[in-house]
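Counted the way UniProt numbering counts, the sequence shown spans residues 1 to 735. Step one of this worksheet: look at the structure below.
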Amino acid sequence: MTEEEFYRRRRRMCETFIDTVLTSRTNICIVVLHLKQGRGLNDDISYYEPLSYYTDDVLHDHNRAKRDLFHTVRLNINAFGRSFNIRLKPNKGVLSDDIEVSTSNEDYHYDGSGIYKGYIANEDHSIVHGIINSQGHFDGKIWTPFDQFIIGPSLKYYENEQPFHSIIYRLSDITFNQTNIDNKSIRDLLKFKARLNVQDMSVVSDNHNTRHINHNIQYFHQHTRRRRAVLQPKTTCELYVKADNYFYNAHGNSPDLVINEIVQFVQTINTIFSPIDFDRDGSNDNIKFTIKKIKLYTNASDPDYARYVGNMDVVKFLESHSEENYDDYCLSYILTHRDFGEGVLGLAWTASQDENQVGGVCEKYKVVNGKSQSLNTGIVTTLNYGQTVPSLVSHLTLAHEIGHNMGSDHDPDNVTCTPSGTGGNYIMYPKATSGKQTNNQFFSTCSINYMSPIITSRGTGLNGCFTADSGSICGNKVIDEGEECDCGWEDECQEYCCNARGGSGTPCTLKSNATCSTSANYNAECPEPQSLPNKTVCDGSRVCMNGECTGSICLAYDYEPCQCSPTEGVNWKDEVLCAVCCIVNEKCTSSFEVSFMPNLTMVPGSPCYDNEGYCDVFSRCREVDPSGFYNDLSKWLISSSKEIESWISTNWWAAALIALGLVIILGLFVKFCSKSPSKVRREKWEEHQRQRQTQDGFRMQQPQQRRLGSSTNRVAPVFTTRESRGGQIQQYRNT
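Structure representation (structure tokens):
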């Protein structure tokens, strides 16, 4: 049987037995191949399932959606023992209407029609977002209340073509050390707060009062809100995103493929930020991010790329990126594929309410410590200890760094914001966590308290740099000006009193005889999801706890989880530290010592040794150093200029000696390092030339300058944009 006959037979089976009849080529039957089920994809993804579906059907729906915004692209996927009836709509808000895209050589046109966002039919609080590429492959993520799934083309993970064109795996199957977001094993290395004490540099602020936020974050429950004023609220942060040459080569070596990756970064952070109620009015503020400009360094010889060339640590890389003026943007980030020391995945300047400290969202280009910088910046890398970081981990890293930009510090050690327990800790937790618990992908109330006044004063306030939407959009589940209700499109509306977009009635208006709508926040009722009983074994090594597969396997045996101590003394190399341990007979015992339990080790990045360290890829417990080079560098950077002036005025004689010493050293350097030819050597060369011309019978003539038009053959300076701490570097070449 040929491959074409195989797919034709599979398609007939789908058309015969699937409950939903395929009509107008709007439903896509996706066949899950079981040829390679149950094996790991790589060292970071322990399990995946291959997918294969008819890309012609996807492209047909996609092309129709480009012409008709009301059209829904339907994907019916069967994987992991369940069905995903996905409904997708064009996601227009990710890219700005006047977006600028350029490569190292030219301006570039990017077709953003393949960006989609949707949901799973008949499944509350589900979100789907991603991209349909030119081959008809869907590349994106599925968020549900119980797990997250990642779908992507197989060529992103394999060098050669496979019998299947796509794969799907779960977040719970990622074994990578999710630094900075889930497994915060080295968060303490990011003590570089980027808060610089300066003189006469204050940030315009409407309100510096911090109030407590009574806000329970539910899993992506998308409330809708009514506009509070005639003017459109400013809720959009415009981004300038760069991709350096390392990132460009590692993520497809193609402008379209690299921009697709950048778009998914922004889609993920929008999913995290938009449901949060920063202004405490009882509904989400719909804070979102849109890409205003993209720069792809497709060529490492690009003159503008000179500042990023060479090996540098993460602090120097951030400083290099901050040299450019980004006043026209809310934030600017550069994505890279460099392996920074200590496993750091990201770094960003942190905002503060203190008027004497600068940095963070909407900060303007200014002179700091004698150097012009933009401090509304950050960096994220997708390489860690020689391995490519899973995409979702990198996206959550960006959310963590933007949290710093928005004014959030690491979560304090208290019950509210560092709860531990079965729910785990939040995004901004500073130490190591398991990374698979519910809270790990949300901001704590402490983080929201930190960010709320910064977002108000710098972003959404009168003088803030956030921008307003271009106009009301019926069908976005937000009550815009002039709308009575908004329950979305016809196929997703679950209300009885609101006319959906694409329906028979006037869209976004109340139906006849209706006086209110749940989308307007009047008497909204949300059904409680039904979860499996606690302690139900899931994924082979965990148990269900409150609807999440996050509990320790110990609970299945009625034991409490614990962290083992070294067998003898203080021994960080003891392998028992990274073994799954349970309290058996009032003693913390390794699973290797319990005959009826599987022998399990904790995943890399898990906390160990009483949360003082984290397990690495070799199942060794490594101690976390909360201080270090970055902390020292931070202290040096925040030293005020007044302290330096005070020291000079008191110790003027020492300052004079230092200046004199520098002049002497500079003079000696010029004298001994000069490469000018000596006088004796020049005289010998001239004598040799005269002898040669005498022997040949020629008379030496004065050389004439060669002219071409009005230009002369001379040495002209060529300046680069790269800077050093001593000033601008100047290079020359013949012209």
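Even for Gly, the Cβ is constructed at its ideal location relative to N, Cα and C.
In the DSSP assignment, G551 falls outside any alpha helix (DSSP H) and lies within the beta strand (DSSP E) extending over 548–552. Residue environment: Y297 is assigned as buried (16 or more neighbouring CB atoms within 10 Å of its CB, all protein chains considered). With a minimum length of 3 residues, the unbroken runs of beta strand (DSSP E) contained wholly in the segment 55–100 fall at 73–79, 82–90. The straight-line gap separating the alpha-carbon atoms of G423 and N513 is approximately 45 Å. If you draw a straight line from the Cα of N571 to the Cα of I131, it is about 49 Å long. In this structure, I448 is the residue among I448, V389, I658 with its C-alpha nearest to the C-alpha of D411.
Counting only the Cα atoms, V543 lies some 10 Å from P533. Setting aside the 5 residues that flank it on each side, E623 is surrounded in the same chain by W572, Y609, E612, G613, each with a C-beta closer than 8 Å to its C-beta; the list follows chain order. Shortest Cα-Cα distance from H125 to any of S113, D147, N311, H60 involves D147. When C-alpha distances from N253 are compared across T550, L155, S565, the shortest belongs to L155. Of the residues assessed, R307 falls on the buried side of the cut-off, its CB having 16 or more other CB atoms within 10 angstroms.
Here V128 is actually not in contact with C237; their C-beta atoms are around 23 Å apart, not less than 8 Å.
By DSSP's assignment, P255 forms no beta bridge with any residue. Taking 8 Å as the upper bound for CB-CB distance, A579 and S595 are not in contact here, some 15 Å apart.
Its chain contains Y297, T298, N299, D302 as the residues whose beta carbon lies nearer than 6 Å to that of S104, once the 5 sequence neighbours on both sides are disregarded; these appear in chain order.
Secondary structure of G464 (DSSP, three-state): coil. When the beta-carbon positions are compared, S166 and S52 come within less than 8 Å of each other. H129 is bridged by DSSP to K117, K141. C673 and G310 have their C-alpha atoms some 25 Å from each other. Under the three-state reduction of DSSP output, S531 falls in the coil class, being neither helix nor strand.
D469 and S444 have their C-alpha atoms some 27 Å from each other.
Boundaries of the beta strand (DSSP E) harbouring Y333: 331–336, taken from the DSSP string.
It is roughly 32 Å from the alpha-carbon of N476 to the alpha-carbon of I174.
As far as DSSP is concerned, N449 takes part in no beta bridge.
With respect to the C-alpha of Q135, the residue from I86, S531, V58 having the closest C-alpha is V58. As for any beta strand (DSSP E) of minimum length 3 sitting wholly inside the segment 365–392, the runs are 366–368, 371–373, 377–381, ordered along the chain. When the beta-carbon positions are compared, K292 and F273 stay at least 8 Å from each other. In the structure shown, the three-state DSSP call for C538 is strand. Runs of the alpha helix (DSSP H) spanning 4 or more residues and lying entirely within the segment 584–611 do not occur at all. Beta-bridge partners assigned by DSSP to L510: C498. Proximity to N384 across E342, N356, G370, Q357 peaks at E342, based on C-alpha coordinates.
At a Cβ-Cβ threshold of 8 Å, I294 and V380 do not count as neighbours. Taken atom to atom, the span from the alpha-carbon of F278 to that of Q353 is near 16 Å.
Separation of M428 and F669 (C-alpha to C-alpha, rounded to the nearest whole angstrom) is 49 Å. Relative to T601, the option among N405, C554, I658 whose CA is nearest is C554.
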